[in-house]
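Asks: Quick one: the structure is below, questions incoming.
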Amino acid sequence: TWHNNTVDNTTNHGTLFDCVKVGDDGTVYALWSDGMNIYLAHSLDGGLSWSEKVRVNDNHLYRTNLFPWLEAGSAGRVAVVWFGTTDGANDDNADWQVLFAQTLDATAQNPTFYQQVISDHVVHGSNISIGGLTGSANRNLGDYFQIGFDPQGAAVVAWGDDHNDFDGNIYLARQLDGPSFY
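Everything in the sequence shown is counted per the working numbering, starting at -1 for the first residue and increasing by one.
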């Protein structure tokens, strides 16, 4: 049976590419950006009903956050990555870095997220295109993110980086410390 439910009773998430993943225990996680913040919701019944959304990013320093992606491990263990900037808007003045957050209690009413910057430099300067194939925003930065867990349960993240302008590369980071996602 098909049910037409939205995660947060809106269709205005502000950006493209909402992400949905299923954890090892069957919990369904949905992740999105409203252009400023990153939100996560979960479903314990296969998407028939959803929890209230929770904000993933702490938004104290990084005020504009886009292109979130996630991976889900064992019960309640979720890793999230995204592009964030201290600029208050997705504009030509924005300098973007890669941020990472993890939680071990994603299904709690108020989950705890630990956030950090994982890129060692600005990966993109200027605005980021969130219009898909339309619009006139800067399209230098590919919307490439990949996150997975290695056999020990450490997060491994790959992302597009065009800090040398049109000379883009793929960068990779691996979690070296902290709890396993399994």
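Glycine included, each C-beta is placed from N, C-alpha and C at the ideal position.
#1: Classify S178 as helix, strand or coil using the three-state DSSP reduction.
#2: Which one of G44, Y27, D160, G86 has the shortest CA to CA distance from P66?
#3: To which residues does DSSP link F81 through a beta bridge?
#4: Is it buried or exposed, V78, if we count other Cβ atoms within 10 angstroms and call 16 or more buried?
#5: Straight-line CA distance for A70 to V20?
#6: So, L29 versus D16, is the Cβ gap smaller than 8 angstroms?
#7: Which residue from L68, G33, N55 puts its Cα closest to that of A153?
#8: So, helix, strand or coil for H58, using DSSP?
#9: List the residues that DSSP assigns as beta-bridge partners of V121.
#10: Start and end of the beta strand (DSSP E) containing S181?
#11: Counting pairs of Cβ atoms below 8 angstroms between the region 49 to 64 and the region 74 to 91, do you hit three or more?
Replies: On the basis of the coordinates in this document:
#1: coil
#2: Y27
#3: L64, V96
#4: buried
#5: 6 angstroms
#6: yes
#7: L68
#8: DSSP, reduced to helix, strand and coil, places H58 outside both helices and strands of the structure shown, so it counts as coil.
#9: Its beta-bridge partners do not exist; DSSP assigns none.
#10: This structure cannot settle anything about residue 181, because the visible part of the chain is limited to -1 through 180.
#11: yes
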